[in-house]
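Q:
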Amino acid sequence: MPKRARCPHCDGLFNRDMLDGHVQKCREKKRKGDRGISRKRKQSIIVDGNNIAYHLSPARKPLVKNLLLAHNSLTQGGYRPVYIISSALVNSVENLEVLNTFISSVEVMIAPRGTNDDLKIIQVAQERNADIISNDRFLDWIEKYPWLPERLRRYRMTPTGLIVA
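Written as structure tokens, this is what we have:
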């Protein structure tokens, strides 16, 4: 039996090979339905940029493409993403020009060398009272920050973008 997943828009259950097409249709329906309604202020969401960039990377090299796909999906979903990346990611990415363009066009915070980028993510989320998108479970930090599990939002990366669970 093929694996199944839920649509984040209508909560319908679909085979994974059909999910991407369905999600695009749901997004389009939502866009058409929202035209007459005034949009509320976009919700800030903190994104673990390293986790996204390395997600499903075949050679364990960070992929700027993942960050771009995630950004498109999150902004279309009504979020105002804030990306936290480590300085090590900046030095190990292949498409530095594309990454620099991304950094200059969206809100990105670079965790300084020698600091823990997970801690930076947690602190920014706490300051802004925002959820965190990451597949990391932050097990080392749960005791110090008991609110953390409630604000963690897992994701799934597809060829068309990011689906937040």
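Numbered by the working numbering, the letters in the sequence shown go through residues 87 to 251 in order.
For glycine and all other residues, C-beta sits at the position ideal for the given N, C-alpha and C.
1. Quick check on the burial criterion: 16 or more other C-beta atoms within 10 angstroms. Buried or exposed for Gly98?
2. Beta strand (DSSP E) containing Thr244: first to last residue?
3. Tell me whether Asp217 sits in a helix, a strand or coil according to DSSP, three-state version.
4. By a C-beta neighbour count over all protein chains shown, 10 Å radius and 16 as the cutoff for buried, is Asp204 buried or exposed?
5. I'd like the list of long-range same chain contacts for Tyr140, defined as Cβ closer than 6 Å, with 5 residues on each side in sequence excluded.
6. DSSP three-state label for Asp103, please.
A: According to the data block:
1. Counting of Cβ neighbours within 10 angstroms places Gly98 among the exposed residues, the total staying below 16.
2. Tyr241 to Thr244
3. strand
4. buried
5. Pro148
6. Asp103 falls in the helix class under three-state DSSP.
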